[in-house]
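Trainee:
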Amino acid sequence: MKRILFLLLAISLLFGCNPEKTKEQRQYVVMLSMDGFRWDYTEKVPTPNFDKLAAMGVKAKSLKPCFPTKTFPNHYSIATGLYPDHHGIVLNSFFDPESNRNFSIMDRETVQDGSFYDGEPIWVTAEKQGIKSGSYFWVGSEAEIDGFRPTYWKTYTKDFPYKQQIDSVISWLQKPEDYRPQLILWYFDEPDQTGHIAGPDSQELESKIIELDFLLGYFINEIEKLPFREQINVIVTSDHGMSATSEERKIVLYDFIPNEWVIEVQGYNPNFNMKAKEGYIDSIYFALKDVEGITIWKTGELPERLQYGHHIRTLDLVVVADSSWSVELSHEKNVGNGAHGYDNNNRDMQTIFYAYGLAFKENYISETFNNVDIYPLICEIIKLKPAPVDGKIANVRNLLKE
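Residues in the sequence shown are numbered from 43 upward in steps of one, following our numbering.
1. Just confirm the distance between the C-beta atoms of L400 and Q216, as a whole number of angstroms; I'd bet it's less than 8 Å.
2. Using only the alpha-carbon positions, how far apart do K434 and L419 sit?
3. Starting from the Cα of Q206, find the closest Cα among A102, E246, Y260 and give me that residue.
4. Nearest to D231 by CA position, among D201, D432, I208, I212, is which residue?
5. Please report the straight-line C-alpha distance between F190 and Y198, rounded to a whole angstrom.
6. With DSSP as the reference, please indicate the residues paired to S75 in a beta bridge.
7. Kindly indicate the opening and closing residues of the alpha helix (DSSP H) around I416.
8. Look up K65 in the DSSP assignment and say whether it is helix, strand or coil.
9. Tell me, please, which residues DSSP counts as bridged to D446.
10. Could you tell me which of L295, A329, N315, M284 sits nearest to N386, measuring between CA atoms?
11. Using the beta-carbon count (16 or more within 10 Å), is M391 buried or exposed?
12. Name the DSSP bridge partner or partners of T337?
13. Could you pull out every residue in the same chain whose Cβ sits closer than 6 Å to the Cβ of S135, ignoring the five residues on either side in sequence?
14. Taking the alpha carbon of W228 as the point to measure from, which residue in L258, K250, I252 has its own alpha carbon closest?
15. What is the DSSP secondary structure of Y221, reduced to helix, strand or coil?
16. Reducing DSSP to helix, strand and coil, say where I187 ends up.
17. DSSP three-state label for A102, please.
18. What are the boundary residues of the alpha helix (DSSP H) that includes G259?
19. Tell me the rounded alpha-carbon separation between Q67 and F270.
20. Across the region 399-415 and the region 100-107, are there enough close Cβ pairs to call them in contact, namely three or more that are closer than 8 Å?
21. In three-state DSSP terms, what is M391?
22. Using DSSP's beta-bridge definition, name the partner residues of M316.
23. Let me know the secondary structure DSSP gives I354 once reduced to three states.
24. Roughly how many whole angstroms lie between the Cα atoms of L55 and I423?
25. Under the three-state reduction of DSSP, which class applies to Y198: helix, strand or coil?
As C-alpha cells, then:
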C-alpha cells in the first residue's frame, strides 16, 4: 500500500500538481496612477526612485492619453482599454440624453452609478475569471459594473494621506494567498492639483515631484519586504500631462454667441460639449469656427485620430481650446496657471509609464504608446482573457521578456 501511495505522489508531481510550482507561476500587477504627471517632470528635479524603476524595468519615452485629455475619461480608458467614445465617460462632467441626467465627478450618486459606465474595466474582467482585485480610488471602481466590483475597494476621499494609502495596499498584499488580490489599481491626486494652481513650471510643482518620488521609494521598499516580491509587477503611470495657462490667452464663449442658442453645455476649461437649440447648430459653429485660440467641430466630424465625437453624450458640438489657451463661459472664471484636456498630440498632454517585475524587461526604454494598450498588457501578464478593446497587445509586447 505504501508503495502505491508513493507512486501516486510521484505521478502527481510529474504532471505539475506541485503547489509550490503553481504559486511561483502566479504573477501580480500593482498599478499606481499619479494624476497629471507630465512625461518630463522627472527631468526637472532629481528623482532617484523613478530612476531606479527605469533601471529595474521599462520606461516609455511618454504615454499618449486619449482625447479629451481629462482625468475621468483617461483613467477609465486605462481600465477598459477603450476610447471615451466607446466607454461613455466622455468628459469629467457630461449630459446623457438617453437618461436625461447629468454626470459629474463631484456628484457621488452619479460616480457610483454603474449605468454611466460602458465597457469592461480590468477588475471586472479579473473578478469574472475568479481573480481577486483591489482598487484604491480608481475611476469607476466605486460603481457596480455588469454586476461586479473589485473584491476590495475604497470610496474616494480627497486629501487622504498618501502614506496611509501605501500601507493599505501593502496590507492587501499581506493577506493569505486565497484572499490576496492579484490585481491592484490605486490613485494619487497629485501632481495634478499643484500643476493647476501653481503651473507646470513652478517651484511648487518641483517640490511636489520630489515628494512623490520619496513616496514611490517608500512603496518600493515595502514591496521588497514581501516574501513573494519576485512575483509582483509594478506599473506607475498617469492620465495626462499639464500645460501652462494665462489670463492673457482666454476666450469667453458667450462673447461670440448668445446663450439662448445653447440648451446644454457641459465641461470646463479647455473642453466643452454643447447641445444647440433646434436649428442653431450651424449658427454656433460658424460663429466660433474662426475665433482665435479655440477649435470647434460638429460631432461626427472630428479628426479620426482623436477617436471622439460619435457618442451621444458628446452632444452636437465639441469645443477645445488650442494649446496653452483657455476657454470659459464667463469672464469671472479664472483659468489658473495650468490646464489639461487639449489635443493628445500636444506633447504637454503626454505622461509617464514605468514598470518593473517578473514580466518586464530590464533597463529598457520604449517608444510612446497609447494608454488603451495597458489593459491588454495586464491581461497578458496575469493570464486573463480580455474583453473586446481598442488597445492592442502587439503595441506593448516589446515591454515584456521573451
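Note that beta-carbon positions come from the ideal geometry of N, C-alpha and C, so glycine has one too. Nothing here was measured: the structure is a model prediction, and the numbers come from that model.
Mentor: In terms of the structure at hand:
1. Actually they are not in contact, since the Cβ atoms of L400 and Q216 sit about 19 Å apart, beyond 8 Å.
2. 8 Å
3. Y260
4. D201
5. 18 Å
6. Y229, T279
7. 416-424
8. Residue confidence is low: K65 scores 47 on pLDDT, short of 50, so the model does not pin down where it sits. Its coordinate-derived value is still stated next. Reduced to three states, the DSSP call for K65 is helix.
9. For the chain, the structure presents residues 43 to 444; residue 446 sits outside this window and is missing.
10. M284
11. buried
12. V362
13. S146, Q308
14. L258
15. helix
16. strand
17. strand
18. 245-266
19. 11 Å
20. yes
21. helix
22. V307, L359
23. helix
24. Model confidence at L55 stands at a pLDDT of 44, short of 50, so the residue's coordinates are unreliable; what they give is reported in the following sentence. Straight-line Cα distance between these residues: approximately 25 Å.
25. coil
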